[in-house]
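The structure appears below as structure tokens.
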Amino acid sequence: MGWQLTEDVEEFRTAAGACLAREPARSTLLLSISESMRVGGATTPVRFGYWRENEDAPVSAGFVQTPPLRPLLGPMPDRAARELVPVLRAVDPELTSVQGENACAEAFAAEWTGRSGGRRVSRQVRLFRLGELTPPDPAPAGRARLAADADLAVLAEWMSAFAADTGQPGADYTPATAERIATGRMWLWDVAGAPVAMASVSPIVAGQARVSPVYTPLRLRGRGYGGAVTAAVSRAARDAGAEQVLLFADLANPTSNALYQGLGYRPLTDSRTLTFDH
């Protein structure tokens, strides 16, 4: 049977839903992105794919891609990753990178680059899952609060800064920020009426929710605000019914990795972005 591509999110979730729900933590990106498309629609075409080993087998792999961005691979067998290469090469021959758990990302990249081996790791992240929440003690000055409409301009600017810090393409983050505020998914750490850090959480899908982004302006870092607001949004996600609260941390940043583990987050799996050298 192999890979089936579609731009229809309902087709994707119907076909791949059971597969994604088997390990919702490891499928967090596919779940949250597809749910966002289901609820709010897509402003640009989104490419989904799902894979069966044969026509009688259940779906056991999936991916999502918003061209020209790289495909995000869900957990999948190496065979599925390799078989995805000719399928994507036919529709996106200028593909420059891929993102996924280490093994399947490497299998895809090795197949894509062939004998040239022209690929490099451009980013490595670790997925953490919350165990027992342990808020900072003592907490920094200030308090946690839900973001309000009056915070929109500042938070949209912070969302843009976070994107720049993590190598994402520039965009107007005002609509996305407004939606997070309106749905009660954006939290702030507030000191004397002024926001000093933010953290947001995805909607709960298949029992999981993911904290992202967490951001403190450079001039305010090192004061504990990021840890405090992460603890607040994590507690809010749990209180809202999330069975698993997740977050990604850049392995190149030992400070954030230590911070999240201090709050009770435990490592689950590692992923990487591989860039192809054409």
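Quick note: the sequence shown uses full-length UniProt numbering, first residue 1, plus one each step. We put the CB at the ideal spot given by N, CA and C, even for glycine.
Residue from the options with nearest C-alpha to residue i
i	options	result
Arg223	Phe63, Ala197, Arg47 and Gly74	Ala197
Leu133	Tyr265, Phe108, Phe276 and Leu274	Tyr265
Ile204	Trp189, Val229, Val233 and Tyr225	Val233
Gly74	Ala15, Cys104 and Glu179	Cys104
Thr66	Ile33, Pro93 and Arg79	Ile33
Ala36	Ala90, Arg180 and Gly167	It is Ser, not Ala, that sits at residue 36 in the sequence shown. The shortest C-alpha separation from Ser36 is found at Arg180.
Ala148	Val39, Trp187 and Ala80	Trp187
Gly62	Thr166, Arg129, Ser27 and Asp8	Ser27
Thr183	Leu146, Arg79, Val191 and Tyr173	Leu146
Pro175	Ala21, Leu152, Leu274 and Leu20	Leu152
Val87	Ala258, Thr6, Tyr173 and Ala252	Thr6
Ala242	Gly131, Tyr173 and Asn102	Gly131
Asp270	Asp137, Ala21, Val98 and Gln124	Gln124
Per-residue DSSP class, three states only, for residue i
i	result
Ala148	coil
Met159	helix
Val46	coil
Ala199	strand
Met1	coil
Leu251	coil
Ala57	coil
Arg52	strand
Ala15	helix
Ser271	strand
Gly264	coil
Thr174	helix
CA-to-CA distance, residue j to residue i, given in whole angstroms
i	j	result
Thr96	Asp277	8 Å
Ser256	Ala249	7 Å
Ala141	Gly193	12 Å
Pro93	Leu29	24 Å
residue 339	Leu155	An answer regarding residue 339 cannot be provided, because it is not within the stretch 1 to 278 covered by the chain.
Ala231	Leu263	7 Å
Ala240	Leu246	14 Å
Ser160	Pro135	27 Å
Arg129	Val59	25 Å
Ala57	Ala237	35 Å
Leu220	Arg143	15 Å
Pro213	Ala252	17 Å
Arg52	Val91	20 Å
Leu274	Ser122	6 Å
Ala163	Glu106	25 Å
Gln261	Ala42	35 Å
Where residue i falls, given that 16 or more other Cβ within 10 Å makes a residue buried
i	result
Ser116	exposed
Gly49	buried
Arg126	buried
Glu10	exposed
Thr44	exposed
Gly226	buried
Thr216	buried
Asp190	buried
Arg120	exposed
Glu55	exposed
Val39	exposed
Thr14	exposed
Gly100	buried
Ala258	exposed
Pro68	exposed
Leu84	buried
Contained beta strand (DSSP E) runs [length at least 3] in the region 207-248, N- to C-terminal order: 208-215
Jot down the residue ranges of each uninterrupted alpha helix (DSSP H) in the region 71-145, minimum 4 residues, whole runs only, in chain order. 78-91 and 102-113
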